[in-house]
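Protein chains in written order, with the working numbering: chain A, 1 to 182; chain B, 1001 to 1193; chain C, 2001 to 2503. Where a beta carbon is used, it is the ideal one built from N, C-alpha and C, also for glycine. This one's a predicted model, so the numbers in the text were calculated from it and none came from an experiment. Before any comments, here is the structure.
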Amino acid sequence: MIAAILSLTLLGAVLGFGLGIAAKKFAVETDARVAEIAALMPGSNCGQCGFPGCAGAAAAIAEGSATVTVCPPGGKALAGALAAKLGISIDLSGVADAGPKIAAIAEEICIGCCRCVKECPTDAIVGAAKQIHAVMREACTGCGNCIDRCPTEAMKMEPVPVTLQHWVWPKPVVTEAEPSWA
Amino acid sequence: MSEYLILLVTTALVNNVVLVKFLGLCPFMGVSKSVDSALGMGMATTFVITLACGATWMLENWLLVPLGLGYLRILTFILVIAAVVQFVEMVVKKASPELYQALGIYLPLITTNCAVLGLALINVQEKSGFVKSLLYGFGSAVGFTLVLLIFAGLRERLALARVPASFAGAPISFVLAGLLSLAFMGFAGLNFK
Amino acid sequence: MGLIEKFFALLEPQHWGVHPDDHKRPAADAPLRSLPLPERLYIPLQQHIGAAARPIVLVGQSVLKGQLLAEAQGATSAAIHASTSGTVAAIGDVTAPHPSGLPFAAITLAADGDDRWADTGTAVDPFALPPPEVARRVAAAGVVGLGGATFPSALKLGLGLKAEIHTLIINGGECEPYLSCDDRLMRDFATETVDGIRIMLHATGAKQALVGIEDNKPEAIAAMTAAAQGYSEIAIRPVPARYPMGSEKHLFSELTGTEVPADGRTTDLGALVHNVGTAWAVHEALRNNRPLVERIVTVNGGAVARPGNIRVPVGALVEDVLAFVGLREEPARLVMGGPMMGSLLPHRRVPVVKGSSGILALTAVEAAGFDPGPCIRCSSCVRACPVGLLPLEMSARIANGDLDGAVAFGLKDCIACGCCSFVCPSRIPLVHYFNHAKGELAAQGRAQLRNEAAKRLVAARAERLERDAREKAEVAARRKAERAAAKAAEAARSAAASSEATT
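Put into structure tokens, the structure is as follows:
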């Protein structure tokens, strides 16, 4: 009885001590991947993912509490890059890329208040006080931060128009007839 | 010497731990989606099994038998195995965060991989010596890795095949595992004499 | 080469490519006709690879045939000229001859019926001009590769000077079934084409020109051989008829016996490939000062009443061309280009562009589609693939959404020739998968670039905000200092005043 108690205690103590030393030796400081993931993110800190900025989202992705498809502006491309970084496989065809959207200004309603200009993380909106503002399409990441800032609801998100240069052949739909065994 | 060689081949192929003894099926089905993670899992398990076989031999012959504590065998063995797995987890997390992420829950679950405890117990049953215990564990672990790799490769091809809806996913994988098992049964005819 | 490969190579020396029924005759034998001038021409601003041309005319302006309508914009671009005389009716969107049916910008020209040429200057002897000047004139004439790729020809000629080209390969292969525009060109304009080849030799500094013509065009071979008589630097070389012989790399290896590496170009091996049509366009540009405003288009297909080759001004609608040749029945499918690589037309009101080699009106029988069946792993596609890929493996991965897996199998080397789809007994739309995957990869690349650009913008904004704050703080500090100094001066002054007052 005593021998059993003693031997188990001893065993536990030795293993615990060993693991303690190992934990010290193999301690992982901050997750090195967070910085790498953050480098892949758009960096506009738009907040569409629900995390505090891109760094927050990167940390969440690294520890696994957020999926790689969390970033709407990044879209499929980013999800694929993140999955490759993390070494996980995801089915991107299921990701409903709702189509990228960019901001557009209804010029007849714009009063030139400059609020959206100050909000834009990529300086994609140009305008001066009392002048009609405009969105530079190439620079807009579609974060949507400007929408709520507009006092006259002149800002809205519009799908990016498909042009000849951006058109992609759709994936072939396999409508295969069931083989007839008879 | 040739005895040890035969032991290795026998444990790896003829008495394959997964496909003939049906031990360790959990990671076999769980971590066999890609060859890369299968290889990582195989190596981690090999390390754990070999180390555990050595440690449990010492435990058995130096502690449990002299003190007559045979009834504590499973308890102490699990304790040692869990400690080794924890150690492996730390090393993998440090050395390869990608592999750590890819293995996910299956890494700590090596503790409950019945192949590990099973091999340790078989060693005790067979009253093997230390070197033989180690080789037995190592050979079986190599067999486990080999089968895991083969199965992962097959499943990578399987992912491209169009499987009838009712068979898609796990069912076809089990069918495949069964066929692979049949193939490994073929090694039973190997004759070393 | 391993022993096994050697054995198979012995069995079948060259097994790439396919032999589709060519359907070239009787269209190829019909004499060349000219399209009556349509009332309106829709001349697209983008008829080439690269940036769209920038219009330099205004709506309502009257222009003459051959007058510059839009100038090249950027390094890779080509000029666009008026295909007839008339007035500019509109500058706006028309449907592109592209399967997407999306619009692109075009200049609408209302023809006045005179078809009067603009004064394009007097012709000079091109061999007296320095090579860069020849290239400049070719660029000014808006000549692009007429084989279908529509790469600006002047850039290629300029490349020849830089890359030390020793051989000019002239592509008269025309391997696509149905098409015979190059055949007709070589038969009817052999002298002009040979002259164009000589000008190109002069412009690139190449020593010799090899003209590859498929052996199913004996008349063209005879005409070109006769025209090239006396020019030892030009050799007419018949090549076996096999699709895709007209592919740049394949024609090159057939003619020179050297294979072009997957990641290389023929220019790396000292050869430049040009189409015969381009040679003719170069002749027109240099000898007659005529820009590229018309081309020979094959109109063919079972639904066409009088198939043949037609000189069509750039910008004429497919509708006009079909009305001219007449239709025997309502075509089930309209294709611009060849049946293997051409693009499906969304409707008939799309313009003919510089790269349009053919218009095919196919009947339901010709265009019959089949429901794809499962892959039976017969490897017919592997045998047919001219670049030695494994189409079945790539398409399985693409169907599964694994684009990287497909790239690892060499998707980027696929030339989209369509041989695999052609031979597939299960009728799997293989090349469709590859086109989809390539587009998807390009879109991902663009998204990546956009992401990086956004990151730069964010950094620039952060820097700007910081600078603003710093400058504001500096200004505030300076003001504060000034105020303090002023106050001190004031205090000193008042102190002085008070002391003065006390004394």
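Item: Can you list the residues of chain C that GLY184 (chain A) reaches, using a CB-CB cut of under 8 Å?; Value: Residue numbering for chain A in the displayed model covers 1 to 182; residue 184 (chain A) lies beyond these limits and cannot be assessed.
Item: CB-CB under 6 Å to GLU2393 (chain C), same chain, minus the five flanking residues each way: which ones, in chain order?; Value: PHE2409
Item: For ARG2397 (chain C), which residues in chain B fall below 8 Å Cβ to Cβ?; Value: LEU1160
Item: Applying a beta-carbon distance threshold of less than 8 Å, which residues of chain A neighbour GLN2444 (chain C)?; Value: LYS76, ALA77 and GLY80
Item: What do you reckon, are the CB atoms on GLY1137 (chain B) and THR1050 (chain B) nearer than 7 Å?; Value: yes
Item: Anything in the region 130–146 of chain A with a Cβ closer than 7 Å to a Cβ of chain C? List those residues in chain order, please.; Value: ALA139 and THR141
Item: Looking at LEU2251 (chain C): is its Cβ nearer than 7 Å to the Cβ of GLY2212 (chain C)?; Value: yes
Item: So what does ALA2070 (chain C) bridge to, in DSSP terms?; Value: C:PRO2055 and C:ILE2080
Item: Whose C-alpha, out of C:ALA2135, C:GLU2366 and C:LEU2317, is nearest the C-alpha of PRO2346 (chain C)?; Value: C:LEU2317
Item: Between TYR1100 (chain B) and VAL1092 (chain B), how many whole angstroms is the CB-CB distance? I'm expecting something under 8 Å.; Value: 5 Å
Item: Against chain B, does ALA177 (chain A) count as a neighbour if the rule is that its beta carbon must be under 7 Å from one of theirs?; Value: Low confidence applies here, because ALA177 (chain A) scores a pLDDT of 48, under 50, leaving its location unreliable; read the following figure in that light. Answer no: the Cβ-Cβ gap between ALA177 (chain A) and chain B never drops below 7 Å.
Item: Suppose the cutoff is 6 Å on Cβ atoms and the five residues either side in sequence are ignored; what does the same chain contact list for THR1145 (chain B) look like?; Value: GLY1042 and THR1046
Item: Nearest to THR2267 (chain C) by CA position, among C:TRP2280, C:GLY2308 and C:LYS2249, is which residue?; Value: C:LYS2249
Item: Answer yes or no: does any C-beta atom of chain C fall closer than 7 Å to that of VAL168 (chain A)?; Value: yes
Item: For a test of the three-state rule: what should DSSP assign to GLU2294 (chain C), helix, strand or coil?; Value: strand
Item: Below 8 Å, can you find three or more Cβ-Cβ pairs linking the region 2100–2113 of chain C to the region 2239–2248 of chain C?; Value: no
Item: Does the beta-carbon distance from LEU164 (chain A) to ALA2227 (chain C) come in below 7 Å?; Value: no
Item: Note down, in chain order, all residues in the region 1081–1101 of chain B with a beta-carbon under 8 Å from any beta-carbon belonging to chain A.; Value: ALA1083, GLN1086, PHE1087, MET1090, VAL1091, LYS1093, LYS1094, PRO1097, GLU1098, LEU1099 and GLN1101
Item: So if DSSP puts THR2167 (chain C) in a beta bridge, which residue, or which two residues, is it bridged to?; Value: C:GLN2208 and C:ALA2271
Item: Give the straight-line distance between the Cα atoms of ALA2106 (chain C) and ALA2368 (chain C), rounded to the nearest whole angstrom.; Value: 33 Å
Item: Using the three-state DSSP reduction, which class does VAL2312 (chain C) fall into: helix, strand or coil?; Value: strand
Item: Please tell me whether MET136 (chain A) and GLY144 (chain A) are closer than 7 Å, where the distance is taken between their beta carbons.; Value: no
Item: Would PRO2244 (chain C) be called buried (16 or more neighbouring beta carbons within 10 Å of its own) or exposed?; Value: buried
Item: Pull up the distance between the alpha-carbon of ARG2306 (chain C) and that of PHE2324 (chain C), whole angstroms please.; Value: 9 Å
Item: In this structure, how does DSSP classify ILE2091 (chain C) when only helix, strand and coil are distinguished?; Value: strand
Item: What are the boundary residues of the alpha helix (DSSP H) that includes GLY20 (chain A)?; Value: 2–25
Item: For ASN2275 (chain C), would you say it is in contact with chain B, using Cβ-to-Cβ distances shorter than 7 Å as the test?; Value: no
Item: Are the C-beta of LEU1103 (chain B) and some C-beta of chain A separated by less than 7 Å?; Value: no
Item: Quick check: what's the CA-CA separation for ALA2082 (chain C) versus ILE2049 (chain C)?; Value: 19 Å
Item: Pick helix, strand or coil for PRO179 (chain A), following the three-state DSSP scheme.; Value: Confidence is the limiting factor: at PRO179 (chain A) the pLDDT is only 49, short of 50, which leaves the residue's position unreliable and the question unanswerable from this model.
Item: For VAL2063 (chain C), which of C:GLN2073, C:ALA2118 and C:ALA2028 has the nearest alpha-carbon?; Value: C:ALA2118
Item: Report yes or no: is there a C-beta of chain B within less than 7 Å of the C-beta of ASN2400 (chain C)?; Value: yes
Item: Kindly indicate if chain A contains any beta-carbon less than 7 Å away from that of ALA2070 (chain C).; Value: no
Item: By DSSP, does LYS1033 (chain B) sit in helix, in strand, or in coil?; Value: coil
Item: Ends of the beta strand (DSSP E) at CYS2108 (chain C)?; Value: One point to set straight first is that residue 2108 (chain C) is Thr, not Cys, in the sequence displayed. Element bounds for THR2108 (chain C): 2103–2111.
Item: Check the Cβ of LEU1076 (chain B) against every Cβ in chain A and list those closer than 9 Å, keeping chain order.; Value: Per the sequence shown, residue 1076 (chain B) should be read as Thr rather than Leu. Near THR1076 (chain B) (Cβ distances below 9 Å), the residues of chain A are SER7, LEU8 and LEU11.
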